[in-house]
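Student:
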Amino acid sequence: EEKKEEKDEKAAEKDAEAAKQKEEAEKEAEEKKKAEEEARKKAEAEAEAERERKKAKANGDVVLKYSMYDEKFPIKDGKITAAEIDETYCLSDVMPGCKIHLSTKTAEEKYKLECAGEVFPYIFEEPIGTFHDLEAGETYFVFVEEDETEFLKSQEKAKQNFAGVKSAATRGEGCSCIEGNPCAAECDASGNTVCLDWNNRFAVAKANGWLGYQAK
1 EEKKEEKDEK AAEKDAEAAK QKEEAEKEAE EKKKAEEEAR KKAEAEAEAE
51 RERKKAKANG DVVLKYSMYD EKFPIKDGKI TAAEIDETYC LSDVMPGCKI
101 HLSTKTAEEK YKLECAGEVF PYIFEEPIGT FHDLEAGETY FVFVEEDETE
151 FLKSQEKAKQ NFAGVKSAAT RGEGCSCIEG NPCAAECDAS GNTVCLDWNN
201 RFAVAKANGW LGYQAK
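Numbering-wise, the numbering used here puts 60 at position 60 of the sequence shown, and it's gapless, one number per residue.
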């Protein structure tokens, strides 16, 4: 009889422990479900707030920087086209067949990212030449992708026009970009322009053999 009572007591304890574990598991599952629901609602609220913020900035003016240019352009529904930019900056007149792109990052940041092997972030285009998701009051940077044929022509012409630079006796008498080293300054101590293309000095130097560090 005592053994039976002891057995029943152990069974009762086991059942109680199982019930306790079940209750704790259910409570944990309920708390997890509640936390997930709160996180979902928070994410939805943040997404809605971001949509409203973007909507409020979808129309107005943005600043587009290219070289020494720093003009305001109107956007509508967060959009602007390459044609509108070109109409003001006349980039295709200087570089026929070129493609215009926008980014939130500068040319210097572009160079650093590409040297690090990272992908440079351009503003989304759909179709190509129509920029989306721009925000009024913000500043964007213009990048020009030259037509390959026209680029090679311009490079050859530049080398011919400034062939004498390589024979300069001392540094500072001419643009070092076409020697494969980016210029350190746009002008000399007297204020005379030295660099032939300061805004694109890294690209010009690279086209002339620069490896990403000062050549010997």
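Backbone N, C-alpha and C fix where the C-beta goes; we use that ideal spot for every residue, glycine too.
Fair warning: this is a prediction, and the values are worked out from it, not measured in the lab.
Taking buried to mean at least 16 other C-beta atoms within 10 Å of its own C-beta, is F124 buried or exposed?
Tutor: By 1-based counting over the sequence shown, the position of residue 124 is 124. With fewer than 16 other Cβ atoms within 10 Å, it is exposed.
Student: Assuming T106 contacts F141 (C-beta within less than 8 angstroms), just tell me the rounded distance between them.
Tutor: Here residue 106 refers to the residue found at position 106 of the sequence shown. Here residue 141 refers to the residue found at position 141 of the sequence shown. About 6 angstroms; that satisfies the 8 angstroms criterion.
Student: Would a C-beta distance cut-off of 8 angstroms place D147 and P182 closer than the cut-off?
Tutor: Position 147 of the sequence shown, counted from the first residue, corresponds to residue 147. Position 182 of the sequence shown, counted from the first residue, corresponds to residue 182. Against a cut-off of 8 angstroms, the Cβ pair of P182 and D147 comes out as no contact.
Student: Using DSSP's beta-bridge definition, name the partner residues of P74.
Tutor: Reading the sequence shown from its first residue, position 74 is the one you call residue 74. Beta-bridge pairing links P74 to D61.
Student: Which residues mark the beginning and the end of the beta strand (DSSP E) in which S103 is found?
Tutor: Numbered from 1 along the sequence shown, position 103 holds the residue referred to as residue 103. K99 to S103 is the extent of the beta strand (DSSP E) around S103.
Student: With a cut-off of 8 angstroms on the beta carbons, I'd call A205 and G180 a contact; round off their distance for me.
Tutor: On the sequence shown, residue 205 is found 205 positions in, with the first residue counted as 1. On the sequence shown, residue 180 is found 180 positions in, with the first residue counted as 1. Right, the Cβ-Cβ distance comes to about 6 angstroms (below 8 angstroms), so this counts as a contact.
Student: For K79, write down the residues that DSSP places opposite it in a beta bridge.
Tutor: Position 79 of the sequence shown, counting from 1, holds the residue named residue 79. Looking at the DSSP assignment, K79 forms a beta bridge with K76.
Student: To which residues does DSSP link T130 through a beta bridge?
Tutor: Along the sequence shown, one-based indexing puts residue 130 at 130. Bridge partners of T130: T81.
Student: How should N200 be labelled, buried or exposed, when 16 other C-beta atoms within 10 angstroms of its C-beta is the threshold for buried?
Tutor: The sequence position of residue 200 within the sequence shown is 200, counting from 1. Buried: at least 16 other Cβ atoms inside 10 Å.
Student: What are the boundary residues of the alpha helix (DSSP H) that includes Y122?
Tutor: Start at 1 with the first residue of the sequence shown, and residue 122 comes out as number 122. It is not in any alpha helix (DSSP H) - Y122 carries neither H nor E in the DSSP assignment.
Student: Leaving out the 5 sequence neighbours to the left and right, which residues in its chain are closer than 8 angstroms to G129 when beta-carbon positions are compared?
Tutor: In the sequence shown, the residue the question calls residue 129 occupies position 129. The answer, listed in chain order, is T81, A82, A83, K99 and I100.
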